[in-house]
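Following: one structure in structure tokens, then a few remarks.
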Amino acid sequence: MGKVRYLGSKARLVQEIINRVGFSSEGRFIDLFCGTGSISLAAGLNNWKVSANDTLLAAATLTSAKLISLSEAKFIKLGGYQSVVNDLNNVDLEEGFFYREYSSSAENKEMIERPYFSIQNSKKIDAIRSKIRSLAQENLINEHERTVLLADLIESANEVANIAGTYGCFLKKLSKNALSPLLLKPRDLLLKKIDWAISQEDALNVNMEIEDTVYIDPPYTKRQYAAYYHIPETIANDDEPDVSGITGLRPWHSKASDFCYKTRASVALDNLIKIIPSKRVFISYSSEGHINEQDLMKIANSYGKTSITYFENFGRYISNKASSNHAKKNPLTEFLIEINR
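So the sequence shown is numbered by the working numbering: it starts at 1 and just counts up by one.
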């Protein structure tokens with residue numbers, strides 16, 4: 001199954017983080033900024049009851065697809081998961097929203113070429129979106145099955161997207177991977193059923209209890225996820241938003257995060273920890289984040305006994321050659337802060 005290169009992803013640190021968190025039979029593991037769900041999945045496989053949250057529906061969709069078990073998505077009415085994927089891979093192409101807005105067709109109101117995808121792949125995305133929509137409307141798939149298929153489309157589209165890493169912009173010429181045909185691939189659904197729930201709230205509004213263990217992995221830098229992942233968000237929402245400009249952004253400012261502003265990040269973190277009633281709180285952060293380590297520890301120390309674990313020379317997100325050169329000169333350190341009240 002394809003992967004979405006997600007800013008701040010903890011995929012390579014999952015086991016270290018979960019080992020540090022441990023397990024408690026009391027309460028839930030609450031992942032306030034779940035992203036693509038790597039930590040939520042690891043917690044669930046470690047027998048936690050998981051409550052995952054993210055403001056972006058694309059993130060909630062990708063996380064849910066990781067947590068859904070085979071027993072929850074059998075695709076009984078359509079002959080099984082593989083059969084559905086085969087049918088979707090063989091749909092007749094359509095000239096729809098993605099063809100108009102996110103290919104070189106320029107058949108949009110602004111007559112702008114936005115080659116996020118090849119002509120062929122943009123038509124296939126439109127066709128698959130349309131087919132998934134029809135299957136849901138005809139009650140041939142349940143909500144979990146719909147979520148799995150949308151996540152599959154997000155990940156498969158990402159494999160052939162004409163981008164450097166995120167959807168902040170497209171490449172001028174179609175890259176080698178963008179010329180490859182889009183192909184859905186079935187994921188390995190969990191054989192073990194996890195006790196999980198998903199929400200799409202501001203972290204300040206998530207319900208938390210004293211016995212819960214709360215994991216906070218907020219945005220670190222100025223990159224607003226709602227803008228940088230606008231196309232996965234459109235696939236997850238199954239809508240046709242009013243997009244504009246060279247990059248065709250969907251309206252995203254309502255989902256802008258204070259953590260992405262250097263002048264607001266510290267206050268945002270302090271305000272969040274302040275309202276959390278739980279005894280155990282973990283904060284993942286980075287040496288290149290807006291809040292420096294000294295200020296982070298000052299905030300954490302005001303709420304209880306703290307400890308910190310460092311993950312040195314952790315590979316960072318790299319989108320191009322310039323970023324790669326910067327990364328070599330400026331090694332990244334990730335750290336995990338634990339607060340015990």
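Yeah, the Cβ is synthetic: ideal placement off N, Cα and C, and Gly gets one too.
At the C-beta level, S278 and T221 stay beyond 8 angstroms of one another. The C-alpha of E138 is placed about 29 angstroms away from the C-alpha of F117. At least 8 angstroms separates the beta-carbon of R264 from that of Y303. In the structure shown, A52 adopts extended strand secondary structure according to DSSP, grouped into three states. By the Cβ test, the stretch 60-79 is not in contact with the stretch 239-258, since fewer than three Cβ pairs between them sit closer than 8 angstroms. The C-beta of S38 has 16 or more other C-beta atoms within 10 Å across all chains shown, which makes the residue buried. Residue burial is scored here from C-beta neighbours: L296 has at least 16 other C-beta atoms within 10 angstroms and is therefore classed as buried. The DSSP assignment places 38-45, 57-67, 81-89 as complete runs of the alpha helix (DSSP H) inside the stretch 20-92, in order along the chain (cut-off: 4 residues). At least 8 angstroms separates the beta-carbon of D195 from that of V4. Straight-line measurement puts the Cα of A136 at about 46 angstroms from the Cα of I308.
A straight-line Cα-Cα distance of about 16 angstroms links L140 and S71.
The C-beta separation of S286 from L332 comes to about 6 angstroms, placing the pair in contact by the 8 angstroms criterion. A residue is called buried once 16 or more other Cβ atoms fall within 10 Å of its Cβ, and S284 is buried on that count. F259 and Y225 have their C-alpha atoms roughly 11 angstroms apart.
Judged by DSSP in its simplified three-state form, R223 adopts coil rather than helix or strand. In the displayed model, R146 falls within a helix according to three-state DSSP. Under the three-state reduction of DSSP output, K262 falls in the coil class, being neither helix nor strand. For L336, there is no enclosing alpha helix (DSSP H); the residue is part of the beta strand (DSSP E) that begins and ends at 334-340.
Apart from the 5 residues on each side of it in sequence, E209 sits with its Cβ closer than 8 angstroms to the Cβ of G27, R28, P277, S278 in its chain, given in chain order.
Apart from sequence neighbours up to five positions away, the residues of its chain that approach H290 with a beta-carbon distance below 6 angstroms are K262, A265, ordered along the chain. It is roughly 40 angstroms from the alpha-carbon of F311 to the alpha-carbon of R129. Taking C-beta atoms as the reference points, P186 and V267 fail to come closer than 8 angstroms.
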